[in-house]
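Line by line, the protein sequences are chains Y, P and G. So that you can map any letter, position 103 of the first sequence is 103 in the numbering used here, and since no number is skipped, the others follow by simple counting. So that you can map any letter, position 2 of the second sequence is 1002 in the numbering used here, and since no number is skipped, the others follow by simple counting. So that you can map any letter, position 281 of the third sequence is 2281 in the numbering used here, and since no number is skipped, the others follow by simple counting. Only one structure is covered here, and it is reproduced in the block below.
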Amino acid sequence: MKKILAVLLALAMVLALVPAVMAEGAPELITVTVFKGDPGDQPTEDNKIYKLIEEKLGIKFEFEFLAGNLDETLGIKMSDRDNLPDLFDGSNSAEMLEDGGVLIDLLPYISEEKTPNLYKHIYTDDRIKQLLTEDGKLYIIPNYGINYNQEIKDYNGPAFHIQKKVIAWNNYQVPKTVDEYFALIEKYIAENPTTEDGTPYTGFAILCEGWRHFCLINPVQHLIGRPNDGEVVVDINDPGYHTETFIDKPYAKPYYKKLNEAYKKGLISRDTFAMNYDQYIAALSNGTVIGMFDQGWDFGDATNSLNAAKKYENTYLALPLLYDADDLEGIALPSADWKVEEHYVNGSVMNKDRGAGISISCKYPERMVELYETLLSDEWQKILQWGIEGEDYYVENGRMLMTKEQYENRSNSDWQRANTANAIWTSLPKKQGTMDDGNAWSPDQQPEIRNEFRSDYDKDFLAKSGKTDWIQFFGPVTPLAPYGEAWEINKGPIQDDVDAFLRIQDEQLPGIIMAADDAEFDAKWDAFVKEVAPYGEIYGKFMNEEILKLVALVEGK
Amino acid sequence: MTAITVKKKGKRRDVVFPIVNTIILILIMFTTLYPVINTVAYSLNEGMDALRGGIGLWPRVFSTEAYESLLRDPAIYKAFGISVSKAVLTTLLNLFFTSMLAYALSRKEYVLRGFITVVLVLTMYINAGLIPNYLLVGKVLGLRNSYWVYIIPTMFSCFNMIVIRTYIGGLPDALVESGKIDGAGDIRCFFQIILPLCLPVLATVALFVAVGAWNSWFDTYLYNGSKKDLYSLQYLLKMKLATTQNQSNAAATSADALAQTSKVAPVTVRAAITVVSAVPILVVYPFLQKYFVTGMALGSVKG
Amino acid sequence: MTTKVINTGAVGLKKKKGFFRTLGSQYQLMIMSVPMLLYVLLFNYAPMWGWVIAFQEYKPELGLLNSKWVGWDNFKFLFSKQDFLLSIRNTFAMSLINLVFGTVAAILLAILLNEVRNKAFKRTVQTVTYLPHFLSMVIVVGMAQNIFASNGAANDLLVGLGLVKEPVFFLGKGEYFWWLVGAINVWKEVGWGTIIYIAAMTSIDPSLYEAAAIDGAGRFQRILHVTLPGIKSTFMVLLIMNIGHLMEAGFEIQYLMRNGMVQKYSDTIDIMSLLYSFGARPQYGRGVAAGMFKSIVGIILLFGANKIAKVMDEETLI
């Protein structure tokens, strides 16, 4: 009897060890809470990529997406420091999280031996210098902006837009200055006052609603030859990086005067200043707006609507415009030797302070860093960006390609919920640019795919313009300034002055553009400059200091 | 409905007024109905076409895609269940406590009447702010990530209490007095005498509370954001709307003309959400309406 | 607090003793009310510690005890801003317009409905008029912006009827803003607002109408002398409550309808509070200070209105 028991006991002990031995390979399954500062769809329960992550890395995600006001939500979440989301993505207000001390410093976890992918990602070209906060810590690894091998340039940023059919009508001659642009619009409308169904055209639309008021406020910096620095222009040839706001300067006046002329000619409607975003998109989707200054992603809905209705000729071409030489005659520019040259397209900016950080209440910081590290590998990046070979893409002669169905799946939100891990991927560091074997990291940038799925109209348009892609309408890429793009700078310390600065513009620029005659225009302009200049002064000075700090960081002082 | 034969001068007014009244009311109905029908039309329109605006009483390009995009998600049904149960429970509990309190405070002889009334009324005008409320309810009371956060903090509303109290105040004093003479205490008087007579105002308050609970998403937003099994219907719908608005921007960053399959636009989704949220209320509404519109004959009280 | 009415019965006894004895006899009323009192104290009054944030440079991560104390600085900041002072005016104006037009419209509609004999028609009208309550403000404001645009339906009507020569720039002139907001609010909420008055009208003794008719009163006189007095207590109570809410014009509708040209008329206290509190470095103290200001003014208005009502021998709230 005793012997049987002894054998059974031994057997039991061996059997008990089996699971432990078998589990040796798979890591312990943990559930990680993730907060995303953007709206989003919950993935389905059987999402194939998340299943893969659970299998291979033992991590299950619980997502919460933004529902209300971002700042308000972040404030509420930060007030309970013991129950923060494990991975915390504050989207456009992530600085609140960094300042609030709710994220852990990642530097101690990253090393060449333990995390080679992450190490290479942030230390190459001394990038790390630009990513550290003032106290020398790294809280967030940028989720966009780090390129491998050859960078592929796309331009979706600020530009003057015009309907493609107008350019076609003009024998594919593109305007290069503001004067040429408005002259073209005027000419077109003179000969074609209405659309086919009788709606009169609007020559130029200006969206002023809420934070989208950059359509009203930003153009001048580009017209004098600077890429997007937000509300300031910077003299990069000056060792002191002289910085000033541009809206209150003499060289801003000619642009608003031209808008005033256009308004008096009936090319701009007064309703544009009260228009809300839905009305703007509706007008663009109906093809009744000839041109506007905006950024491609801002009117994406309208582009989609026009494409869906196959009205390709009404979609917009982005163009870089500049001032004419005589516009600026006798006017002081930011520096004595200032050259007005086209600089719309900027070098790639790292999306600093954007992405998911690991919160201080997370119980598994090492595993989170391990997650970042593993998902940053080539193998996983392919899965996250392209999908599973054979299901989501195929390979031919070493080139990664997609069938029409595979490509269309990518814009189908239901398919995405079951087959992509976009929710986590958009917050984590990723590889952009080109793979080692020459394929583009992003399928949308793979030349074969872009060309194949273009509309025939677009193919024709490009051919007749003598180009192979939209970015060729712009000049060469401007090398990125050492401080990046100034709009990224955290303006917290002067927030009230910035608010006042912007409010005055919101209020007075529409009135200036609608001035009835030259006398009224000049009077309103002068009053405007008087009121806004003091804030501009504070703003410019602050930005200059911050820029110098950033430059010093990069140049390793 | 109206006296057609006009004999005396006094009677003539009887003909004109109802006709004028009816016309006025029909006009008012038209102004309120048109935008509602317009919203329904948008909800049944194809998304990409709806972006162009200009839709009137009928959809221009009929499509049920907006509804499909909402109803396709199985999570909707769970959220619907949560919202229904929350509305029902909240209404029952709230009605019970609020009306009881209204009765107590309607008794002029109650010595604590003034004090309690002031304390309660002041709550309508003071608000501590989001963060303190969040910390109290969510952290200290531990109601975060739980279903009970929908029920426990909503058991009383001062405004409704005032409405009921005023109504009770309009009832004859003799009612309670005679009840007391018969030996009933306040509690019995309330349940047996007053409450049955309050059906019109109770129906009104029930409607307010039910609609409030049904429409609320803020509580989910503050406390249950990461528990998708506890999402209220409104919260889920709000998230869906936000996603459609976000998606188009994200998609547009990948340039060029692409075939847009199942691209619902925020405009139609918003309209569909309105309809989906309103329908359950409209279904329940007539049952409550008959109480506060038709009222009760008070003749029976006199006996 | 002083008790309102001392019951007949405890005459001649010392006040203190009478108070507790009366209270004791009212134990049933206490059971019905004291638990709820405690509930309210917990959920509504306990979080009031949050008001100290108004005197701090509050940072959630530091919490209440460790955030810097700044005394009246947050208040000083707010009241130094001309835009904030204007927002007080705007809030007050819009609330007043909403209150007056909203109440009048709700009562008028309730009266009209009350005079309808046909029950089916009455219920239909009542249902249809409250439908706008369910439309989200985003939809409603979107429609309003289309209607009041220079080429919108409102201008088409005005020009068509010859009332104006040229389209009016409704959305671009600040002076129109308050009235547009009032019109939208009334339209959206009138059906909802009448519900309370209709419910109140049902409790009017029908024999009063009969008696008035017998005395020779015509329809309008019956409305004047029976219906209106019948809803007077409801009206007074709602009026007093709404006067206390005059600092609460709201946020959503103004936020959606505003634009730069009209911002000096459109921005309410809540909108400015949001602007001043959020940004790269949130300033919660300011938001709480604005909220505190609103509450205190509201309470003063409330007690003031209540007192006036008492003096005029009307129904009071408290």
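Ideal Cβ placement from N, Cα and C applies to all residues, glycine included.
{"Asked": "So which residues of chain G does Ile1281/P contact, with C-beta pairs closer than 8 Å?", "Found": "Phe2134"}
{"Asked": "Quick one: does Ala1316/P have its CB under 8 Å from some CB of chain Y?", "Found": "Nothing can be reported for residue 1316/P: it is not among the residues displayed for chain P, which extend from 1001 to 1303."}
{"Asked": "Should Asp353/Y go down as buried or exposed, given a rule of 16 or more other Cβ atoms within 10 Å for buried?", "Found": "buried"}
{"Asked": "Along chain G, which residues have their Cβ under 7 Å away from the Cβ of Ala1041/P?", "Found": "By Cβ distance, chain G contributes nothing, its closest Cβ being about 12 Å from Ala1041/P, past 7 Å."}
{"Asked": "For the 8 Å Cβ check, are there 3 or more pairs between the region 2023-2039 of chain G and the region 1099-1110 of chain P?", "Found": "yes"}
{"Asked": "Would you kindly work out how many angstroms separate the C-alpha atoms of Tyr364/Y and Ala440/Y, rounded to a whole number?", "Found": "34 Å"}
{"Asked": "Considering only the beta carbon of each residue, do Glu191/Y and Tyr139/Y sit closer than 8 Å?", "Found": "no"}
{"Asked": "Any idea what DSSP makes of Asp577/Y, helix, strand or coil?", "Found": "Outside the displayed range of chain Y (1 to 557) lies residue 577/Y, so it cannot be described from this structure."}
{"Asked": "Within its chain, find whatever has a CB closer than 6 Å to the CB of Asp2325/G; leave out the 5 residues flanking it on each side and keep chain order.", "Found": "A query on residue 2325/G cannot be resolved here, the shown segment of chain G reaching from 2001 to 2318 and no further."}
{"Asked": "What do you get for Arg417/Y, buried or exposed, if any count of 16 or more other CB atoms within 10 angstroms of its CB means buried?", "Found": "buried"}
{"Asked": "Helix, strand or coil for Asn2185/G? Go by DSSP, reduced to three states.", "Found": "helix"}
{"Asked": "Determine which residues of the region 306-336 of chain Y have a Cβ less than 8 Å from any Cβ of chain P, and write them out in chain order.", "Found": "Asn307, Ala308, Ala309, Tyr312, Thr315"}
{"Asked": "Around the Cβ of Arg2089/G, are there at least 16 other Cβ atoms within 10 angstroms (buried) or fewer (exposed)?", "Found": "exposed"}
{"Asked": "How about Val1201/P and Ala2120/G: do their beta carbons lie closer than 8 Å?", "Found": "no"}
{"Asked": "Using C-beta distances below 6 Å, list every residue in its chain close to Leu1233/P, excluding the 5 sequence neighbours before and after it, in chain order.", "Found": "Ala1079, Phe1080, Ser1083"}
{"Asked": "By the 10 Å Cβ neighbour count, where 16 or more other Cβ atoms means buried, how is Leu2301/G classified, buried or exposed?", "Found": "buried"}
{"Asked": "Is the region 50-61 of chain Y touching the region 29-37 of chain Y, taking contact as three or more C-beta pairs under 8 Å?", "Found": "yes"}
{"Asked": "Is the beta carbon of Met368/Y closer than 8 Å to that of Leu87/Y?", "Found": "yes"}
{"Asked": "For Gly291/Y, which residues does DSSP report across the bridge?", "Found": "Ile162/Y, Phe204/Y"}
{"Asked": "Would you say the region 1021-1035 of chain P touches the region 2132-2146 of chain G, given that touching needs at least three Cβ pairs under 8 Å?", "Found": "yes"}
{"Asked": "Mapping DSSP to helix, strand and coil, what is Ser359/Y?", "Found": "strand"}
{"Asked": "What's the C-alpha gap between Val2093/G and Thr2234/G?", "Found": "A small correction: the amino acid at residue 2093/G is Ala; Val does not occupy that position in the sequence shown. Computed Cα separation, rounded: 24 Å."}
{"Asked": "If we define contact as Cβ-Cβ less than 8 Å, is Pro39/Y a contact residue for chain P?", "Found": "yes"}
{"Asked": "Secondary structure at Asn147/Y, three-state DSSP: helix, strand or coil?", "Found": "strand"}
{"Asked": "Since Ala423/Y and Gly40/Y are thought to touch, with beta carbons under 8 Å apart, how far apart are those beta carbons, to the nearest angstrom?", "Found": "6 Å"}
{"Asked": "Just curious, the beta strand (DSSP E) that Lys467/Y is in, first and last residue?", "Found": "Taken as a continuous stretch (DSSP letters only), Lys467/Y belongs to no beta strand (DSSP E), as it is neither H nor E."}
{"Asked": "Would you say the beta carbon of His2225/G comes nearer than 7 Å to a heavy atom of the ligand MG?", "Found": "Here there are no bound small molecules, and the ligand MG is not part of this structure."}
{"Asked": "Is it right to say Ala325/Y is buried, meaning 16 or more other beta carbons lie within 10 angstroms of its own, or is it exposed?", "Found": "exposed"}
{"Asked": "Going by the beta-carbon positions, is the gap between Pro320/Y and Gly475/Y smaller than 8 Å?", "Found": "yes"}
{"Asked": "Compute the Euclidean distance between the alpha carbons of Asn276/Y and Ser1216/P, then round it to the nearest angstrom.", "Found": "26 Å"}
{"Asked": "Quick one: Cα of Val2190/G to Cα of Thr2129/G, how far?", "Found": "7 Å"}
{"Asked": "So does the region 1013-1032 of chain P actually touch the region 1046-1062 of chain P, counting three or more Cβ pairs closer than 8 Å?", "Found": "no"}
{"Asked": "Residues in the same chain with beta-carbon distance under 8 Å from Ile2147/G, minus the five sequence neighbours each way, listed in chain order, please.", "Found": "Ala2153, Ala2154"}
{"Asked": "Touch check for the region 538-556 of chain Y and the region 252-265 of chain Y: three-plus C-beta pairs under 8 Å?", "Found": "no"}
{"Asked": "Compute the distance between the beta-carbons of Pro175/Y and Asn218/Y, then report whether it is under 8 Å.", "Found": "no"}
{"Asked": "List the DSSP bridge partners of Lys60/Y.", "Found": "Thr31/Y"}
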